[in-house]
Amino acid sequence: MPGLPILLFAAVAFVVALSILVIAQVVGPKRRTEVKMMPYESGMDPVHSARQRFNISFYLLAIEFLVFDVELLFLYPWAVAAHDRGAFGPDHAVFYAVCGFLSILVLGFVYTWRKGVFKWT
Amino acid sequence: MAEWIEPLIKIALVVGASQAAVAYLVLVERKAAAYLQDRFGPNRVGPWGLLQPLADGLKFILKEEIIPDGADRILFLVAPLSILASATFVFATIPFGYVVPWPGSEPIALTIAPNIDIGVLFVFAVGSLGVYGVILGGWASNNKYSLLGGLRSSAQLVSYEIPLGLSVIGVLLFSGSLKMETIMTAQAASGWWWVAIQPLGFVVFMVSGCAEAARLPFDLPECEQELVGGYHTEYTGMKFGMFAFAEYLHMITVAFLAVILFFGGWHFWGLAPYTEANEVGFIGAVVRVVVLNVKVLLMIFFFMWIRWSWPRFRYDQLMDLAWKTMIPLGLVNLVICAFCQEFLAQDDYVTRAVLGWLAVAGCFAWAAASVSSKPVRTVAVRPS
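Order-wise, the sequence lines are chains D and V.
Residues 0 to 120 in numbering that gives the first Met the number 0 are what the first sequence spells out, letter by letter.
Residues 0 to 383 in numbering that gives the first Met the number 0 are what the second sequence spells out, letter by letter.
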């Protein structure tokens, strides 16, 4: 079973991290005071909850990331297959297709750039 | 039975070695920093401070573990757990050498999961799970600094993932596999390390790898002067230690990837050469392990060197570097590599290298032109 080492390692990594967490909780001292349990905001008493609305730029960036990440996922299999020249036949059709794919992507990239998605001022 | 024992031994070795390596690399980093800044560095605990990592670990464990009152208790604990587990799990497909022949049994591959064909993709997939730990930790703390730090660093990690992935596609094109053993063998067989052929890809990889590991010029997630501690402001004791630990593991991973993808892995001319059948005997296999790991240590030292020589970026500069510089450069590298692979002879590495370095020269020319076309900023000097 080829996947066995991976599964074993996943389990071990999880257990090691969990045991570190648990040991530290058990061994360390526990002396609660009211001030100690407050969030540290440079000595000021915190005003409001910290979970408030934040800048839309982060959201736009996440969407842009999604587009590019999916694009990368398409390119990986192509890159591995294109190493073998004979795989796609003698005419460079697949190469030009990938060029077309990339240029569509670049078009969208330029559009978002001009729209100011990457502006952080 | 045997199919359980072999991976378990390897896992124990990797987990133990990675923990010890991180502990002592922290000491090495502090010594290197001291050397670069003309100080002594840690020298009180044991000879040359050699017991310092032990003292640090004990102190981490013996400190009080605080969970602030407003925090989401479960997510607060899940964050360091997930970040450390994923940072360790990455090592499943990273080879620490080449196949070692073993008397009386099958040769042993120095990878935990040698049969997985998607090595590089696996490392990226699992490595990027660390983003969850960062954003969970930032959100669960109920601290404004933490939330800002978590948002910033998740945006940073997500942004640099794209150039990282783009820069690797050139390597895949030339090697024809996602498996790291095959990538190293391809470089050894050609006699060229890919860094000599795709310098542009290497630069993009190195910069975004540095940012993924949140090392100093890119340590915006936790810039002390602006955000106290960023996403781990509220974490104390061992939970903070787990974040720091995971960050170090990320750096080691990036160093391994850089060596394997761009610096030929175990290959070194004369010392660990390529042989047709790739059977080198026990001594040869050990030499390959040593060569690979020495390269990795040199790469880690290079990271430390960068850290102590460079000032931190501003946040908008950081994002500009990712989206407006690194992604276009990565695309240029990709197009050049695809062109070479499609139209040049399979073993024509000289032309590929010439094209690769021409691309670097072109980038320099473009950068120089764009800098000189900007208006020069003048600073008014107050008359004294």
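Yeah, the Cβ is synthetic: ideal placement off N, Cα and C, and Gly gets one too.
Keep in mind it's a predicted model, so treat the numbers as computed, not measured.
Sub-8 angstroms separation of residue i and residue j beta-carbons
i	j	result
D116 of chain V	K178 of chain V	yes
L260 of chain V	V79 of chain D	no
D68 of chain D	G175 of chain V	no
G27 of chain D	E64 of chain V	yes
A245 of chain V	A86 of chain V	yes
S153 of chain V	E233 of chain V	no
L291 of chain V	W265 of chain V	yes
V288 of chain V	F95 of chain V	yes
I10 of chain V	L7 of chain D	yes
G1 of chain D	I111 of chain V	Checking the sequence shown, residue 1 of chain D turns out to be Pro, not Gly. No, the pair does not count as a contact, with Cβ atoms beyond the cut-off.
V203 of chain V	L317 of chain V	no
A126 of chain D	M241 of chain V	Outside the shown range of chain D, which is 0 to 120, sits residue 126 of chain D, and nothing can be said about it.
R311 of chain V	P162 of chain V	no
R214 of chain V	M237 of chain V	no
L165 of chain V	L330 of chain V	yes
L270 of chain V	V286 of chain V	yes
S189 of chain V	Y348 of chain V	yes
For residue j and residue i, the rounded distance between their alpha carbons
i	j	result
R52 of chain D	I22 of chain D	36 angstroms
D315 of chain V	F117 of chain D	9 angstroms
F94 of chain D	G169 of chain V	14 angstroms
A358 of chain V	I66 of chain V	52 angstroms
C209 of chain V	V157 of chain V	13 angstroms
T92 of chain V	A257 of chain V	15 angstroms
S17 of chain V	I8 of chain V	14 angstroms
W101 of chain V	G126 of chain V	32 angstroms
A70 of chain V	Y58 of chain D	24 angstroms
L109 of chain V	L12 of chain V	11 angstroms
P106 of chain V	Y97 of chain V	10 angstroms
V109 of chain D	V46 of chain D	41 angstroms
Q340 of chain V	V44 of chain V	55 angstroms
E33 of chain D	K62 of chain V	18 angstroms
V353 of chain V	D55 of chain V	49 angstroms
I19 of chain D	G137 of chain V	21 angstroms
E5 of chain V	S104 of chain V	12 angstroms
M37 of chain D	L76 of chain V	17 angstroms
R30 of chain D	Q24 of chain D	13 angstroms
I55 of chain D	L65 of chain D	16 angstroms
V370 of chain V	F201 of chain V	23 angstroms
L49 of chain V	Y23 of chain V	8 angstroms
A368 of chain V	C98 of chain D	27 angstroms
L74 of chain V	P382 of chain V	58 angstroms
F100 of chain D	F87 of chain D	17 angstroms
T76 of chain D	G361 of chain V	The displayed chain sequence assigns Pro, not Thr, to residue 76 of chain D. Computed Cα separation, rounded: 29 angstroms.
Residue-level contact to chain B via CB, residue i, 8 angstroms cutoff
i	result
F73 of chain D	You won't find chain B in this structure, because its protein chains are D and V.
Same chain, Cβ closer than 6 angstroms to residue i, neighbours up to 5 away in sequence not counted
i	result
G132 of chain V	A78, S81, I82
A254 of chain V	V295, M298, I299
E180 of chain V	P94
W307 of chain V	A32, L35
Chain-order list of residues whose beta-carbon lies under 7 angstroms from that of residue i (same chain, five-residue window excluded)
i	result
A337 of chain V	L172
M182 of chain V	It should be pointed out that residue 182 of chain V corresponds to Ile in this sequence rather than to Met. Result list for I182 of chain V: V170, S174, S176, I259, L260, in chain order.
T111 of chain D	E63
Host alpha helix (DSSP H) of residue i (start-end)
i	result
G240 of chain V	236-261
L80 of chain V	72-88
M179 of chain V	179-189
D37 of chain V	Careful: D37 of chain V lies outside any alpha helix (DSSP H) and carries neither H nor E.
G126 of chain V	118-126
T111 of chain D	92-114
L109 of chain V	Counting along the chain, L109 of chain V falls outside any alpha helix (DSSP H), and DSSP gives it neither H nor E.
Closer than 7 angstroms: residue i CB and nearest the ligand MN heavy atom
i	result
L80 of chain V	Within the structure as shown, the ligand MN is missing, as the structure has no ligands at all.
Same chain only: Cβ atoms within 8 angstroms of residue i, ignoring 5 sequence neighbours per side
i	result
W192 of chain V	Q186, F261, F262, G263, H266
K143 of chain V	none
V21 of chain V	F244, Y247, L248, I251
W356 of chain V	P198
E160 of chain V	F123, S127, S207, E211
Checklist line | Contact list for the stretch 18-33 of chain D against chain V, Cβ threshold 8 angstroms | finding: I19, L20, I22, A23, Q24, V26, G27, P28, K29, R30
Next item on the list: With 8 angstroms as the limit, tell me which residues of the stretch 76-91 of chain D have their beta carbon closer than that to any beta carbon of chain V; keep them in chain order.
Entry: A78, V79, A81, H82, D83, R84, H91
Notebook entry, point to check: Going along the stretch 179-199 of chain V in order, which residues come within less than 8 angstroms of chain D, judged by CB to CB distance?
Noted result: none
Notebook entry, point to check: For the stretch 93-118 of chain V, which residues have a CB atom closer than 7 angstroms to at least one CB atom of chain D, in sequence order?
Noted result: I111, A112, N114, I115
Check: Residues in the stretch 162-173 of chain V with C-beta within 9 angstroms of chain D's C-beta atoms, listed in sequence order?
Finding: G164, L165, V167, I168, G169, V170, L171, L172, F173
Checklist line | chain D contacts made by the stretch 48-64 of chain V, where a contact means CB separation under 9 angstroms | finding: F59, I60, L61, K62, E63, E64
Checklist line | Contacting positions in the stretch 245-256 of chain V - beta carbon closer than 7 angstroms to chain D | finding: none
Note to self: To be precise: take each residue of the stretch 200-213 of chain V, compare its Cβ to all Cβ atoms of chain D, and keep it if any distance is under 9 angstroms. Which residues remain?
What the structure shows: none
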